[in-house]
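Protein chains: 2
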Amino acid sequence: MDIRTLCLGILTLGEASGYEIKQAFEEHFSRFYEASFGSIYPALAKLTDDGMVTCTEQPQDRRPDKKVYRITASGRLEFIDELMKPPGRDRLRSEFIATLMFADLLPTRHLADLLDERVHDCREAVAEWRAREAKGRLTPGQRFVLGYAIAMHDSMARYIEENRHLIEGHALLAPSSSGA
Amino acid sequence: MDIRTLCLGILTLGEASGYEIKQAFEEHFSRFYEASFGSIYPALAKLTDDGMVTCTEQPQDRRPDKKVYRITASGRLEFIDELMKPPGRDRLRSEFIATLMFADLLPTRHLADLLDERVHDCREAVAEWRAREAKGRLTPGQRFVLGYAIAMHDSMARYIEENRHLIEGHALLAPSSSGA
DNA sequence: GAAACCATGTAAGTTGTTACATGATTGG
DNA sequence: CCAATCATGTAACAACTTACATGGTTTC
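Protein chains in written order, with the numbering used here: chain A, 27 to 206; chain B, 27 to 206.
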């Protein structure tokens, strides 16, 4: 699913400027997709050319005009058409996982830090998402996906804590401890 | 982590040809990273130029020579150097998840099929991985990552089954059923 | 006064995929 | 006989990111 389609999707939730679409990417798709201005602005220009969105310029004080985009009927159709295509396979590009695959090549201390940080990061994300889940007004789809992200990160953190001994067991024994 | 680095990583596990590296990608990194010949062969050529790997050509009957690559000491250093860098953030590019975020735009039937397929796919993958986990000889790192993949896909399938009502609740009621 | 936010856009560069080019062997 | 496996490589293309270009406003 390319940036063009994702922009269209965000616009089904309401009108927005390019800047706001970038924020929406961070809010809704964070940890899934992300997009830079360098891909969003050209995509919006193309969508406008193609009649998938309309653009209204709102003059602002001492700032570039704010261009507010709104999805058209054709845009909505194109988006639904895209959604109906069988989704491609998931691809988790995780340098963390790639690193752990070669855990035996890493200094024990470095590995432990890596795992600690990751667990902390997961817990933090879960806490933040739970808060959003509780207060936010979300579409059922958004709620489902948010819950999915929570479940994934929660089980990720748990997995790491319960299984880190598999890779840390290789540690040089600490001077005064003699654990299994 | 680019293909070059990942090739180097695979070569820390033993010598291999470009063709075999592609297979290793499918075996070890499946669902994480994947790579095509169009990126593997140029990467190996570059690694050879840079002295990170050596290449031995083994003539074969009626086939192109098989080029077997072996990592050098410099290669090993470069790889470890790469592993020591703080890993970038995970990025799960999932068209499935992106689609579900807009579940309300999809026909109920289509949505149900999508969820069924996904659950089935997860369960299948988990079963296959459990088999590999049981019999394969794996490094601790590989075992850890395999377990991680199993945990993820298992909790993914469970999450979908336990929460699909959130997005399917919107279904037009089927003619003769009146389940909650 | 530095950083972050608001606001848009272009150009160059990176990184990868797909399709092309070649061609024997094995199994259903 | 068609598909998959074995085996390597190049060229064209796609999609995205980073850095550049511009510049006021708000917050620490």
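A virtual CB, placed ideally from N, CA and C, is assigned to each residue, including glycine. Since this is a predicted model, take the numbers as computed values, not measurements.
One thing to note: I36 of chain B has its Cβ no nearer than 7 Å to the Cβ of S65 of chain B.
Under the three-pair Cβ rule at 8 Å, the region 65 to 78 of chain A counts as touching the region 91 to 103 of chain A. In the three-state reduction of the DSSP assignment, A61 of chain A falls in the coil class. Among the residues of the region 111 to 123 of chain B, those with a Cβ less than 7 Å away from any Cβ of chain A are P113, G114, D116, R117, L118, R119, S120, E121, F122 and I123, in the order of the chain.
Among the residues facing chain A, R169 of chain B is included, as its CB has a counterpart in that chain under 7 Å away. Per the C-alpha coordinates, the member of B:E188, B:I176, B:G167 and B:S120 positioned closest to A157 of chain B is B:I176. Residue environment analysis places L103 of chain B among the exposed positions, since fewer than 16 neighbouring C-beta atoms fall within 10 angstroms of its C-beta. Between V171 of chain B and I123 of chain A, the alpha-carbon positions lie close to 7 Å from each other. DSSP places L118 of chain B in the strand class (E or B) of the three-state scheme. Within the model, the alpha-carbon separation for L118 of chain B versus R169 of chain A is close to 18 Å. With a threshold of 16 other beta carbon atoms within 10 Å, E188 of chain B falls short and is exposed.
For chain B, the residues of the region 128 to 153 of chain A that bring a beta carbon within less than 7 Å of one of its beta carbons are F128, A129, D130, L131, L132 and H136, in chain order. Pairing K72 of chain A with E83 of chain A gives a Cβ-Cβ distance that is not under 7 Å. DSSP places D87 of chain B in the coil class of the three-state scheme, outside both helix and strand. The bridge partners DSSP lists for R96 of chain A are A:T80. In the three-state scheme derived from DSSP, where H, G and I count as helix and E and B as strand, S43 of chain A is classed as coil. At a Cβ-Cβ threshold of 7 Å, L109 of chain A and F51 of chain B do not count as neighbours. R89 of chain B and D130 of chain A have their alpha carbons spaced roughly 37 Å apart. The contact set of L37 of chain A on chain B, defined by CB atoms closer than 9 Å, is empty, because the minimum CB distance reaches about 11 Å.
In terms of beta-carbon proximity, A177 of chain A lines the interface with chain B, with at least one pair separated by less than 7 Å. In the same chain as L137 of chain B, and ignoring 5 residues on each side of it, the C-beta atoms closer than 7 Å to its own belong to A129, I193 and E194, in chain order.
In the structure shown, D28 of chain A adopts coil according to DSSP, grouped into three states. According to the DSSP assignment, T134 of chain B belongs to the alpha helix (DSSP H) that extends over T134 to K161.
Inclusion of E121 of chain A and G114 of chain B in the CB contact set at 7 Å is warranted, their separation being smaller than that value. Sixteen is the threshold: since fewer than 16 other Cβ atoms of the shown chains lie within 10 Å of the Cβ of A160 of chain B, the residue is exposed. At least one CB atom of chain A sits nearer than 7 Å to the CB of I193 of chain B.
Non-local C-beta neighbours of G44 of chain B in its own chain, meaning closer than 6 Å and more than five positions away in sequence, comprise I66, Y67 and L70, ordered along the chain. Counting only Cβ-Cβ distances below 7 Å, L109 of chain B has contacts in chain A at T125, F128, L131 and L132, in chain order. Interface annotation, Y174 of chain A: in contact with chain B, CB-CB separation under 7 Å. Contacts with chain A at 7 Å (Cβ-Cβ) do not include I29 of chain B. Contact check for M178 of chain B and M178 of chain A: beta-carbon distance about 7 Å, within the 8 Å limit, so the pair qualifies.
Contact residues of the region 42 to 61 of chain A toward chain B are H54, F55, R57, F58, Y59 and E60 (C-beta to C-beta distance below 9 Å). Scanning chain A for C-beta atoms nearer than 7 Å to the C-beta of L73 of chain B yields nothing, as the closest lies near 17 Å away.
Looking at the backbone, the Cα of R144 of chain B and that of E154 of chain A are separated by about 27 Å. By the CB criterion at 7 Å, D180 of chain B and V152 of chain B fall inside the cutoff.
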